[in-house]
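Enquirer:
Number of protein chains: 2
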Amino acid sequence: MIFEDVAKDVVERVYGALASLIMGRDGIPLSMYHKEGVEIELESLGIEYSNVLAEVNRASGSIGSGDLSELSILTEKYMILLRIINPDYFMCLIMAHDGNFGKARYLRRKSLPKLRAEL
Amino acid sequence: MIFEDVAKDVVERVYGALASLIMGRDGIPLSMYHKEGVEIELESLGIEYSNVLAEVNRASGSIGSGDLSELSILTEKYMILLRIINPDYFMCLIMAHDGNFGKARYLRRKSLPKLRAEL
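Written as structure tokens, this is what we have:
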């Protein structure tokens, strides 16, 4: 299925990518993929970040900056890239701190039209 | 004062940078600077994004990804770069959509030790 393919593709093709998921903004996952040995509770992560997206969207709306399209989060352990697909779905990619962020972002954007056409 | 200098420096040196602020995590601004003609309600923006930072930090803590260091937000109109200085303060940079994000990020990181020494 296209959703599994997209989730897997970016993880396998980008240096440092660990896991990926496509998720409803309501916190229900559509597809998830992680590299072997990666122990991240993907579903909880997706739910936490769907809350974050709602908060960022609210903040962006209140200052008139228009709809949110992308959010990237750098923490001590991970780099997390969130990309809005449409008002109902988003993609989430979890990378190691030294991963190839630029390539991940490029591949995510490239996959958007395909995903939008399906959803 | 060093805080004014840092806030001004990145806005004047980076293509597409519009405004910058250094703010307490409690929503009280320390310094603000914007290009002439830029009409963004900087104080409200800072307050909104200090709430966002709290939400992201909570989410990152709950999935064990460690402390947040940087957050970048791409919306229809702006690119917003938030950088944690220390547990009490953060920097916020607002850029046009096509601004030089890489240079902004580099300059922000470079100014961190100076700011941390002062705060």
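Those protein sequence lines, which keep their order, are chains A and B.
Here my numbering is used: position 45 in the first sequence is 48, and no number is missing along the way.
Here my numbering is used: position 15 in the second sequence is 18, and no number is missing along the way.
Just so you know, even glycine gets a beta-carbon here, dropped at the ideal spot from N, CA and C.
1) Kindly identify the DSSP beta-bridge partner or partners of A:E73.
2) Cβ closer than 8 Å: which chain A residues qualify as neighbours of B:I66?
3) For A:G19, which residues in the same chain have their Cβ closer than 7 Å to its Cβ, ignoring the five residues on either side in sequence?
4) Please check if any C-beta of chain B sits within less than 8 Å of the C-beta of A:K11.
5) Any C-beta of chain B within less than 7 Å: which residues of the region 62-88 of chain A qualify?
6) Return no unless some Cβ of chain A is closer than 8 Å to the Cβ of B:V59.
7) What is the rounded straight-line gap between the Cα of A:R16 and the Cα of A:G105?
8) Using a beta-carbon distance below 8 Å, is A:V147 in contact with chain B?
9) Taking A:L45 as the reference, which of B:N89, B:R108, B:E73 and B:G67 has the closest Cα?
10) By the 10 Å Cβ neighbour count, where 16 or more other Cβ atoms means buried, how is B:N89 classified, buried or exposed?
11) Classify A:G69: buried if its beta carbon has 16 or more other beta carbons within 10 angstroms, exposed otherwise.
12) Distance, Cα to Cα, A:L122 vs A:I50?
13) Just reading off the alpha helix (DSSP H) that A:S34 is part of, what are its end residues?
14) Taking buried to mean at least 16 other C-beta atoms within 10 Å of its own C-beta, is A:I31 buried or exposed?
15) Check this for me: beta carbons of B:I125 and B:S65, under 8 Å apart or not?
Expert: On the basis of the supplied data:
1) The beta-bridge partner set that DSSP reports for A:E73 consists of A:R86 and B:L77.
2) Under the 8 Å cutoff, chain A gives I43, E44, S47, L48 and E51.
3) Only M98, A99, D101, G102 and N103 meet the Cβ criterion.
4) By this cut-off, A:K11 is not an interface position.
5) Listed by position along the chain: A62, S63, S65, I66, S68, G69, D70, L71, S72, E73, L74, S75, I76, L77, T78, E79, K80 and Y81.
6) Answer yes: the Cβ-Cβ gap between B:V59 and chain A drops below 8 Å somewhere.
7) Using only the alpha carbons, I get a separation of about 12 Å.
8) Because chain A in this structure spans residues 4 to 122, residue 147 of chain A falls outside the shown range and cannot be described.
9) Among B:N89, B:R108, B:E73 and B:G67, the Cα nearest to that of A:L45 is on B:G67.
10) Its Cβ having fewer than 16 others within 10 Å, B:N89 is exposed.
11) Residue environment: A:G69 is assigned as exposed (fewer than 16 neighbouring CB atoms within 10 Å of its CB, all protein chains considered).
12) The straight-line gap separating the alpha-carbon atoms of A:L122 and A:I50 is approximately 19 Å.
13) Secondary structure note for A:S34: it is in no alpha helix (DSSP H), and the uninterrupted beta strand (DSSP E) holding it is P32 to H37.
14) Taking every protein chain shown into account, the CB of A:I31 has fewer than 16 other CB atoms within 10 angstroms, so this residue is exposed.
15) Residue 125 of chain B lies beyond the range of chain B shown here (4 to 122); nothing can be said about it.
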